[in-house]
Amino acid sequence: MTKTMESGRVMIGVTEIMRKMGIGRDKAYELIKSKQFYTIKLGTRYLVHEDVFEDWMKGRL
Numbered sequence: 001m002t003k004t005m006e007s008g009r010v011m012i013g014v015t016e017i018m019r020k021m022g023i024g025r026d027k028a029y030e031l032i033k034s035k036q037f038y039t040i041k042l043g044t045r046y047l048v049h050e051d052v053f054e055d056w057m058k059g060r061l
């Protein structure tokens with residue numbers, strides 16, 4: 001079972017990226033807008049698939 005399935009969440013937002021990386025809001029938005037991994041924008045929220053983000057953090061992308 002993957003971590004995503006355990007948490008019941010598939011997409012994560014800026015706040016979760018901030019927590020996982022220990023960075024501030026400005027840096028998190030800068031990272032999202034750098035297009036180093038696929039994100040979607042729903043209204044004013046940016047979201048990334050948790051597995052994609054985890055793979056990016058591990059250098060798999």
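Per the UniProt record's numbering, the sequence shown starts with residue 1, numbered consecutively.
For every residue, glycine included, the Cβ atom is placed at its ideal position computed from N, Cα and C.
I'd like to confirm the pairing. Which residues does DSSP put opposite residue i in its beta bridges?
| i | result |
| --- | --- |
| isoleucine 40 | Leu47 |
| methionine 11 | His49 |
State the DSSP-derived secondary structure class of residue i, mapped to helix, strand or coil.
| i | result |
| --- | --- |
| isoleucine 17 | helix |
| lysine 58 | coil |
| lysine 35 | coil |
When burial is assigned at 16 or more other CB atoms within 10 Å of the CB, is residue i buried or exposed?
| i | result |
| --- | --- |
| valine 10 | exposed |
| threonine 15 | exposed |
| isoleucine 40 | exposed |
| tyrosine 38 | exposed |
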